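I have placed the structure first, in the form of structure tokens, so that the comments after it can refer back to it.
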Amino acid sequence: MTGQIRLPEQNLVLLAGRLTRDPNVAFTQKGQAVCRFDIAVNRRYMDNTTNEWKDDVVFVPVVVWGPTAERCKDRVKKGTPVYVEGRLTSSEYTDKTTGQTRRSMQVTARRIQILESNVAGAGSYGTATQGNASSADVEPVMEDDVPF
């Protein structure tokens with residue numbers, strides 16, 4: 106025994122926020138839909154030095170695959186509050202202006218849930234993994250029902 110601690114591998118992201126722009130849907134060469142959008146996640150806190158409430162906003166890029174991506178295109182838009190379950194993924198690309206390799210991180214969504222009831226077709230869009238997507242619509246969740 107080497108004395109090393111075996112850490113469980115876990116990559117789970119849970120976010121609630123509002124879309125900062127309308128979703129962009131494209132199709133891969135194999136015909137699979139991919140939807141991209143950003144959400145703004147806000148954290149309100151008390152600044153101890155000024156005793157004022159402040160907002161800390163994080164803008165998170167989200168990518169959704171398959172049939173769920175197509176449903177997002179039709180059911181969410183800029184300002185829509187959503188709950189996102191997924192995993193953190195990274196990618197590398199070459200910056201066209203500098204030629205340098207860059208890295209970016211995004212959330213690859215497994216599930217998207219619209220958090221307002223007045224959106225047509227509001228609900229939950231199930232598993233949205235690349236290559237194998239399935240869906241199960243459920244009733245919309247009212248903001249008062251969200252446990253955070």
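Everything in the sequence shown is counted per the working numbering, starting at 106 for the first residue and increasing by one. We put the beta carbon where it would ideally sit given N, CA and C, even for glycine. None of the values given here were measured: they were computed from a predicted structure.
task: Given a cut-off of 8 angstroms, decide if Trp170 and Gln137 are closer than it, judged by their beta-carbon atoms.
output: Cβ distance < 8 angstroms, so Gln137 and Trp170 count as in contact.
task: Select from Gly191, Leu124, Cys177 the residue whose C-alpha is nearest the C-alpha of Val162.
output: With distances taken between Cα atoms, Val162 lies closest to Leu124.
Ordered list of beta strand (DSSP E) runs contained in the region 168-213, each at least 3 residues: Those beta strand (DSSP E) runs which fall completely within the region 168-213 and span 3+ residues are 186-199.
- request: Go through its chain and collect everything with a Cβ distance to Thr185's Cβ below 6 angstroms, but skip five positions before and after it.
  value: Counting only Cβ-Cβ distances below 6 angstroms, and skipping sequence neighbours, we find Leu124.
Three CB pairs or more closer than 8 angstroms across the region 110-123 and the region 148-160: Not touching, per the Cβ criterion.
- prompt: Do Val168 and Gln211 come within 8 angstroms of each other at the CB atom, strictly closer than that value?
  reply: Yes, Cβ-Cβ distance for Gln211 and Val168 is below 8 angstroms.
message: Restricting to Cα atoms, I'd like to know which of Asn153, Thr203, Arg192 is closest to Pro166.
response: Looking at Asn153, Thr203, Arg192, the one whose alpha-carbon comes closest to that of Pro166 is Arg192.
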